[in-house]
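In what follows, a structure is listed as structure tokens, so that the remarks can point back to it.
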Amino acid sequence: MHKVILIDDDTIICRGISQTIDWQGNGFILCGVAKDAIQGLELVEEYRPDIVITDIKMPLISGIELCEILQQDYPNIKVILLSGHEEFHFAQKAIEHKAFSYLTKPIESENLLKVLKDAVAQVIKDAQVETLLKESIPLLRQNFLISLLTNRYDRSTLSEKMSLFSIPSGHYCAVTLFRICDYGEKEKYEREKAKMSALVYCGKVFSSQNNTSLVDYGENEIVAIHVTDNPDQMQVKNWLQERGEEIVHYFHDFLGLTCIAVIGNIYDMGIKHVFRSYEDILRVLNYDYTLQKGKVVFSSDFSYPSSTQNPTYKMKQLIDNVVKATLYHSCENAQSAAQKLRQYFGRYYLPLDQIRAELVHLAFSIIAQADDSDLPEYLTGHGENPEQMVSQLYNCSHIDDIFLRLRQFITAVSHYIQDKQTSYHQRMIMKAVQFIKCNYRDPSLSLKTTASFVGISHSYLSLLFKKEMGVKFFDYLLEIRMNTALDLIKTTDYKTYEISELVGYANPHYFSASFKKYFGVTISEVKRLDTEPSS
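As numbered in UniProt numbering, residues 1 to 535 make up the sequence shown, in order.
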């Protein structure tokens, strides 16, 4: 049953609406009737209804003002406004304050019941979208945190996403990275289980001050992003070291995991500079073979060895860069990372056998981390069969030939990933466009209803629509409605109010105003020009 509250200072209207609708038979409960907005708000607070029916003109607080209050405090409630006036500005105000519907008196019970059922359908759709969004939040949050670490986030939406994902803020920031060096004899399932236990324990340790966000980064890393307003850096460093040591010891003693922890420098400007602290850590991890396992290290205290001590110290990082660029960035970035690896190998004159072995490992790391069962078949169909590629790499006698073969493989994988992502986006937009073309006659058609049908959030659909179609969602919907209306005006004898209904406008006056604004001429002028004989 869906709960409804009725608010109107006209007792006759209230009695009529209350008695002429079979509330229970249609799946509703009329929780209460109020004579003004103040009583109505008390009922809303008590019953938390799905729908509020309210008159526009009331003493103390008008229906428009009530709609604004409900939108702010109870955004999920659908408001149906009633008015004895058909004036355009009332409907306009209702739209501005996001009322679900606007009905003029006298109220026909059939019309009201239809609007109520439409409102319930929207309530159900909103709940489904909200559930989907809640289920997607953890993954979206992880992706956003990774974009902060790698300095690839959209600065214009930073505040909005910080709020959406409940990410704490502060004037200072630092990063701690825990790298699991050894899982012991654990099989894959046991490794995944141990990694999850490690992540949960990190969350427990850092929860005391509610200032840390965790990132499950790859197979063997956990990254903790800390923010604080405490200007005492020594105090903050001590706290981070104590938490880090507690976690490292727990990993070893209770999970059987050997790990190292590196804490980056503390920076001001808050979360915006978190990538700098992360870069400090990555520089230290270039020399992770020198770090003592089971210890916590500050990047600021680390003594960098000379590169001549061990010329292979950077190879692991460069290979990892190629893998990540191929899977998560553009083909150009992946080729650039491969070129840096080529320069590295050339600088230190490593044996070809070692280069071949490293690149074979790199190629299979890409396939494994892609975790896509269709990828090997795609590669085979595009002349990049993984097993044949291994044979070809070992048959190459020059480093340039080896890297040429690697670049061909990287290009194929990058195109597969990008095509798959692009194809997915295009399917979503095609589905949205088809939905608009089939439902533009419905006055309740909106970005949210379309996004719900497509199965993505309305904000994501808005971004995708503009990117793929080159026009905003509402501009596209307006174009469909206006062009259809123009065609009906020229080819039929329908009245203005009939055309208004056929193109999704509940109010003919609003439709006429929109038509003139869009085309620069009135409907009457279009009809006159169309009927005048050509000279």
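Here a beta-carbon is modelled for each residue, glycine too, at the ideal position from N, C-alpha and C.
According to the DSSP secondary-structure assignment, Y510 is paired through a beta bridge with no residue.
Within the model, the alpha-carbon separation for R155 versus V503 is close to 39 angstroms. The beta carbon of C31 sits closer than 7 angstroms to the beta carbons of K3, V4, I5, L43, Y47, P49 from its chain, once the five residues preceding and following it are set aside; these are given in chain order.
The alpha helix (DSSP H) runs lying completely inside the segment 420-495 and spanning 4 residues or more are 447-454, 458-469, 473-491, given in chain order. Rounded to whole angstroms, S197 and G203 show a C-alpha spacing of 10 angstroms. Taken in chain order, the whole alpha helix (DSSP H) runs of length 4 or more contained in the segment 142-198 are 158-164. The DSSP-derived three-state label of H249 is helix. Taking a C-beta distance under 8 angstroms as the contact criterion, Y505 and I480 do not qualify as a contact pair.
DSSP, read as helix, strand or coil, puts K98 in coil. A Cβ-Cβ separation of about 10 angstroms leaves L486 out of contact with V521 under the 8 angstroms criterion.
The beta carbons of Y153 and S159 sit about 11 angstroms from each other, so the pair does not count as a contact at 8 angstroms. By alpha-carbon distance to A338, the top candidate from D353, M315, D232 is M315. When the five nearest sequence neighbours on each side are left out, the beta carbons in the same chain lying within less than 7 angstroms of the beta carbon of E246 are those of V205, in order along the chain. DSSP places L257 in the coil class of the three-state scheme, outside both helix and strand. A residue is called buried once 16 or more other Cβ atoms fall within 10 Å of its Cβ, and K188, having fewer, is exposed. The C-beta distance from F364 to E384 rounds to 13 angstroms, too long to fall under 8 angstroms, and the pair is not in contact. Residue pairing from DSSP leaves Y505 without any beta-bridge partner.
The beta carbon of D268 sits closer than 7 angstroms to those of H171, Y172, all from its chain and outside the five residues before and after it, given in chain order. Nearest C-alpha to T104 among L214, I80, N265: I80. For the 8 angstroms CB-CB criterion, V175 and V223 form a contact. A distance below 6 angstroms between beta-carbons, with the five flanking residues on each side excluded, links F453 to the following residues of its chain, in chain order: F435.
Here I167 has S213 as same chain residues with Cβ atoms under 6 angstroms from its own Cβ, once five neighbours each way along the sequence are excluded. Partner residues in a beta bridge of L66, as assigned by DSSP, do not exist. Straight across, the Cα-Cα distance linking K195 with Q292 is about 21 angstroms. One Cα belongs to H509, the other to F465, and the distance between them is close to 29 angstroms. Rounded to the nearest angstrom, the gap between the Cα atoms of K490 and L447 is 29 angstroms. Rounded to the nearest whole angstrom, the CA to CA distance from K161 to F275 is 17 angstroms. Contact fails between the segment 54-73 and the segment 19-29, because fewer than three Cβ pairs, one in each stretch, are under 8 angstroms apart. Shortest Cα-Cα distance from A370 to any of V413, I402, R405 involves V413.
Apart from sequence neighbours up to five positions away, the residues of its chain that approach L240 with a beta-carbon distance below 8 angstroms are A174, T176, H226, I263, ordered along the chain. H361 sits in a helix when the DSSP states are folded into three classes.
Within its own chain, the residues whose Cβ lies closer than 6 angstroms to the Cβ of T54, once the five positions on either side in sequence are excluded, are I7, G63, L66, listed in chain order.
Straight-line spacing of the CA atoms in V322 and R141 works out to 25 angstroms. In the three-state reduction of the DSSP assignment, T104 falls in the strand class. Looking at the backbone, the Cα of M58 and that of A451 are separated by about 36 angstroms.
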